[in-house]
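Here the structure comes first, spelled out in structure tokens, and everything after it is commentary.
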Amino acid sequence: MDDIKPDLNGFSFLIIEADPSSIKEAEKGLGDFGADIFAAKDYIDATDVLAHQHIQVVIAYINLIDENYIYMINDYKKVYPDSLFYVLVEDNFDNVDASESLARFVIDDYIKKPIEFTRFARMVEARIATPKDTRNTSLAIVKPSIKKVKPYFIFRSSIMQRILANLPQIAMSDQTVLVTGETGSGKEIVARAIHVLSKRMDGPFVPLNCGAIPDSLVESELFGHEKGSFTSAFRTKKGRFESADKGTLFLDEIGDMPLNLQIRLLRVLEEGQVSRVGSESPIPINVRVVAATRVDLEKAVEDKLFREDLYYRINVLRLNLPPLRERKEDISLLAVHFLERAFAEMSRMPPFPLLSLETIYILEQYPWKGNVRELRNIMTRIATILPSDTKRIFPFHILPHLKNKKPTDMQPVSDKETSGVFIPSGYNLAQAEELIIKETLKQTGYNKSKAASLLGINVRTLRRKLKAEDEFN
């Protein structure tokens, strides 16, 4: 699809720019796609062009914009509501206050200098073809063969359609399933979907993260223990296998399970019965196991870190989830979903702010090392601190929250660079907002201007939120 040349025949552009070389560049770049180009070096020239020509797209360099331009474009849009107004900014432009002030008027998007004309032409095509941005907010999945999967996943990429096409059959089989993929790619969601779509849906779904529990406690957590079997065993306790009887046991990060317990797990899977720690009496169990891991188990087997016999026992049916960066078509859908969910939790009434196409482009170029989980957290953060009168979400709203602010240079960051705010489970959005603001202030040495810039809000908004927190506390 990227090989298809954009078609701007019949589209009229007005470039408001004082630099003659930039105008010539635009005339060449957009003219190659069939567009009619008009130029204006100032407000008087621009007014004259708009008075005599029907212009679909206006591009204005931000240094030229004042209130006269804003009122001129606003009046023009009242006559031609489908016309588009883009602000041209320098590549290093990061003035949150100026951007936010302009965004309250009639701006459709911000574009960086120098213009990438092919991408910009496609962006204009998409906006004029779908002026209400319905293609960006639609969460529909149209593939009939994966209709059953729809309640659990949001995607439209062909790679996810292929991977999840057989999920209903896998769920009904009752065989052990191994789900692989990077951290945050949705392995537990897959496991829960398998459970709900299976014959065990009325039974319990019991998760256990094998990497989050100390080695000394994993055995007790899995198999249970009898009272007095060790020093702190003050009472008899059921293990996760017993708790999952007639249901599904989800063993997350099974690759982190200690080797000495892997043989016990294999025996339980083979025999269908479990013995608690401190007891020799076997207890029959009827459990379906779904395992997940972020590590390469085949390599772990070669390195003698994972038992080969256990690997083949759990690797009966397999689903490998791609990282988010390999399913770019899904990013805008997921971003909209997480935003709308956060707005709903805040009791904010629709219509909700839309993502600009330039914002979507930046999100699609970002490496998303933390995958869907990272996207969810960032969209929740943006929704939490977004001014209530925002109509459209522009790049300046999201760039402060990304590791690297230049989308063209975005590369995965190293583990050393990875940092963030941990939001405990169960926190509401007001608590999350307070936590984010406090952490940002701490990182900037309590410099409110820098903190406001990182948060994508102006200093007045930050002061208002801090005052509200003080009054609440």
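Add 158 to a position in the sequence shown, counting from 1, and you land on the number used in the numbering used here.
By construction, the Cβ of each residue, glycine as well, lies at the ideal position given by its N, Cα and C atoms.
Looking at Ser170, Ser180, Ala184, the one whose alpha-carbon comes closest to that of His210 is Ser170.
The distance from the Cβ of Phe496 to that of Thr548 is about 16 Å, inconsistent with a contact at the 8 Å cut-off.
Assigned with DSSP and collapsed to three states, Ser315 falls in coil, not helix or strand. For Pro553, the enclosing alpha helix (DSSP H) begins and ends at 553-556. Rounded to the nearest angstrom, the Cβ distance from Val376 to Leu407 is 13 Å, too far for a contact under 8 Å. Remark: C-beta atoms of Tyr268 and Glu456 do not approach each other more closely than 8 Å.
Restricted to the stretch 389-425, the beta strand (DSSP E) segments that are unbroken, complete and at least 3 residues in length are 406-410, listed in chain order. Taking the Cα positions, Ala370 is about 28 Å away from Ile328.
One thing to note: Ile441 has its Cβ within 8 Å of the Cβ of Gln431. Across the set Gly603, Lys600, Leu491, Ile595, the C-alpha of Ile595 shows the shortest separation from the C-alpha of Arg621.
One alpha carbon belongs to Leu172, the other to Pro553, and they sit about 23 Å apart. Take Tyr234, set aside five residues on each side of it, and the residues of its chain with a beta-carbon closer than 7 Å to its own are Leu208, Ser241, in chain order. Membership of Leu375 in any beta strand (DSSP E) is not indicated; the residue belongs instead to the alpha helix (DSSP H) covering 373-381. Bounds of the beta strand (DSSP E) holding Pro365 are 363-367. Proximity to His212 across Ala284, Ile551, Phe196, Ile220 peaks at Phe196, based on C-alpha coordinates. In its chain, beyond the 5 residues on either side, Phe191, Gly192, Glu283 have a beta carbon closer than 8 Å to the beta carbon of Asp165.
Beyond the five residues adjoining it in sequence on each side, Gly342 comes within less than 7 Å, by CB distance, of Gly528, Asn529, Val530, Arg531, Glu532 in the same chain, given in chain order. Between His555 and Leu544, the CB-CB gap stays under 8 Å.
Between the alpha carbons of Arg314 and Asn586 lies a gap of roughly 30 Å. For Thr394, the CB contacts under 8 Å within the same chain, skipping 5 residues up- and downstream, are Gly382, His383, Glu384, Lys385, Arg434 in chain order. Between Thr334 and Val426, the C-beta spacing is not below 8 Å. Residue range 201-210 is occupied by the alpha helix (DSSP H) that includes Asp206.
Boundaries around Ala590 are those of the alpha helix (DSSP H), 587-601, since no beta strand (DSSP E) includes it. Here Val337 is near Leu477, since their CB atoms are less than 8 Å apart. The criterion of a C-beta distance shorter than 8 Å is not satisfied by Glu379 and Pro365. Nearest to Asp206 by alpha-carbon distance, out of Met230, Asp224, Phe243, is Met230.
Annotation: Glu400 to Thr542 spans about 41 Å, alpha carbon to alpha carbon. Here Ile489 is actually not in contact with Ala450; their C-beta atoms are around 22 Å apart, not less than 8 Å. In this structure, Ser505 and Ile551 do not form a Cβ contact; the two beta carbons are roughly 19 Å apart against a cut-off of 8 Å.
Here Glu185 has Ile195 as same chain residues with Cβ atoms under 7 Å from its own Cβ, once five neighbours each way along the sequence are excluded.
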